[in-house]
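Peer 1: Chains A and B, in that order, are what the protein sequence lines are.
Our numbering puts the first residue of the first sequence at 1, with every later residue one more than the last.
Our numbering puts the first residue of the second sequence at 89, with every later residue one more than the last.
Please read through the structure below; I'll follow up with questions.
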Amino acid sequence: MKIKEGFELREMCGENIIVAKGIQNIDFNKIISLNESAAYLWKALIGKEFTAPSMVELLRQEYEVSEETALADATELIKAWQEAGLCE
Amino acid sequence: MREENIIELPNDIFLKGIRELLEEGHTATLRVRGNSMRPFLEDRRDSIKLTAVTHVEIGDAVLAEISPGKYVFHRIIDIQGEHVTLMGDGNVRGTEHCTKADVKANALAVIRKGKEYSTEGKRWKRYSACWMRLSPIRRWLLAIHRRLPTNWR
């Protein structure tokens, strides 16, 4: 799995938001924002192939979480990113 | 980790961020807060689509920084040299003053009840001309508007 090209994570007013490059209009009624840990994963994984276990590894390097919790979060995040069309 | 919800940010911080995006050449759609642009725009329901400032003329609905960090999205009702006077369509008294340089964004479109109206389009232009002409009786029109059921507004 890979984050699709053409998306940019940017910080705006303390929120991590995903902006599609080349998209003229940014609709703040439909914006995707990432929480701190999701933004950390995004930065670590952009441009790379990844799986849920590789996300788990990254999460456990940065946060004190059990493997089960990390796996549940990673699975949920991948699902959300897929639904939002951010990764393939 | 991903939630679908509404994030509300203080205007000064948010609009500074918006200005950066506009200066990069993006346009931005955001929801309006407050009722100062009634009767066309309703608090938290309707949106505006902004672009970096291109023109400053009487009748334009613009985003202006009226004092450091304080922004309004109101209509220009007068220009004297560099001096600009603004007033919200939904306000009966109370104007704001700034310079032309403080006008930071033009509205490309207004989105009312989910429908987009270009500010270059007939509908918005006709409404704008009418509403400005009706300013002497605005107080009563707005009073009637306030009493309408929410879905009629």
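C-beta atoms are modelled at their ideal positions from N, C-alpha and C, and glycine is treated no differently.
Predicted, not measured: the structure shown is a model, and the values here were computed from it.
Considering only DSSP beta bridges, list what H185 (chain B) is partnered with.
Peer 2: H185 (chain B) pairs with B:T173.
Peer 1: Grouping DSSP H, G and I as helix and E and B as strand, with all else coil, what is R90 (chain B)?
Peer 2: With a pLDDT of 46 at R90 (chain B), under the threshold of 50, the modelled position of this residue cannot be trusted, and the question is left open.
Peer 1: Anyone know if the C-beta pair for K4 (chain A) and E76 (chain A) falls short of 8 angstroms?
Peer 2: Taking 8 angstroms as the Cβ cut-off, K4 (chain A) and E76 (chain A) do not qualify as a contacting pair.
Peer 1: Tell me whether the stretch 34 to 43 of chain A and the stretch 120 to 132 of chain B touch, counting them as touching only if at least three CB pairs, one residue from each stretch, are closer than 8 angstroms.
Peer 2: Cβ pair count under 8 angstroms is below three, so no.
Peer 1: Less than 8 angstroms separating the beta-carbons of V144 (chain B) and A193 (chain B)?
Peer 2: Taking 8 angstroms as the Cβ cut-off, V144 (chain B) and A193 (chain B) do not qualify as a contacting pair.
Peer 1: Going by Cα to Cα distance, which pick from A:T51, A:L71, A:N29 and A:K43 is closest to N255 (chain B)?
Peer 2: Past the boundaries of the shown model lies residue 255 (chain B); chain B is included only from 89 to 241, so the question cannot be answered.
Peer 1: Near I31 (chain A), which residues of its chain fall below 7 angstroms by C-beta distance, leaving aside the five closest residues on each side in sequence?
Peer 2: Only I17 meet the Cβ criterion.
Peer 1: Counting contacts by CB-CB distance shorter than 8 angstroms, is K137 (chain B) in contact with chain A?
Peer 2: Yes, K137 (chain B) lies at the interface with chain A (some Cβ there is under 8 angstroms from its Cβ).
Peer 1: What residues from chain B crowd round M12 (chain A), counting only those whose CB sits closer than 7 angstroms?
Peer 2: Those are G105, listed as they occur along chain B.
Peer 1: Can you tell me whether K43 (chain A) is buried or exposed? The criterion is at least 16 other CB atoms within 10 Å of its CB, across all chains shown.
Peer 2: Exposed, by the Cβ-count rule.
Peer 1: Determine the direct distance from the alpha carbon of R107 (chain B) to that of K203 (chain B), and round the result to whole angstroms.
Peer 2: Approximately 24 angstroms between the Cα atoms of the pair.
Peer 1: Judging by CA-CA distance, which residue of B:T173, B:R126, B:F102 and B:L97 is the nearest neighbour of R235 (chain B)?
Peer 2: It is B:R126 whose Cα lies nearest to the Cα of R235 (chain B).
Peer 1: Using DSSP with H/G/I as helix, E/B as strand and the rest coil, what is C218 (chain B)?
Peer 2: In this structure, C218 (chain B) counts as helix in the three-state DSSP scheme.
Peer 1: List, from N- to C-terminal side, the beta strand (DSSP E) runs of 3 residues or more that fit wholly inside the stretch 197 to 241 of chain B.
Peer 2: Runs found: 203 to 206.
Peer 1: With 8 angstroms as the threshold, decide whether the Cβ of Q82 (chain A) is near any Cβ in chain B.
Peer 2: So no, Q82 (chain A) is outside the interface.
Peer 1: Going along chain A in order, which residues have a C-beta closer than 9 angstroms to the C-beta of R116 (chain B)?
Peer 2: Just to set this straight, residue 116 (chain B) is Ala in the shown sequence, not Arg. Correct list: N25, I26, D27 and F28.
Peer 1: Taking the alpha carbon of I167 (chain B) as the point to measure from, which residue in B:M175, B:F161 and B:V160 has its own alpha carbon closest?
Peer 2: Checking every option, the nearest Cα to that of I167 (chain B) belongs to B:M175.
Peer 1: Secondary structure at M12 (chain A), three-state DSSP: helix, strand or coil?
Peer 2: Three-state DSSP puts M12 (chain A) in a strand.
Peer 1: For N99 (chain B), which of helix, strand or coil comes out of DSSP?
Peer 2: Note: N99 (chain B) maps to helix in three-state DSSP.
Peer 1: Could you spell out where the alpha helix (DSSP H) holding Q61 (chain A) opens and where it closes?
Peer 2: Where Q61 (chain A) is concerned, the enclosing alpha helix (DSSP H) stretches over A52 to E62.
Peer 1: For T142 (chain B), report the span of its beta strand (DSSP E) as first-last.
Peer 2: First-last for T142 (chain B): undefined, no H or E at that position.
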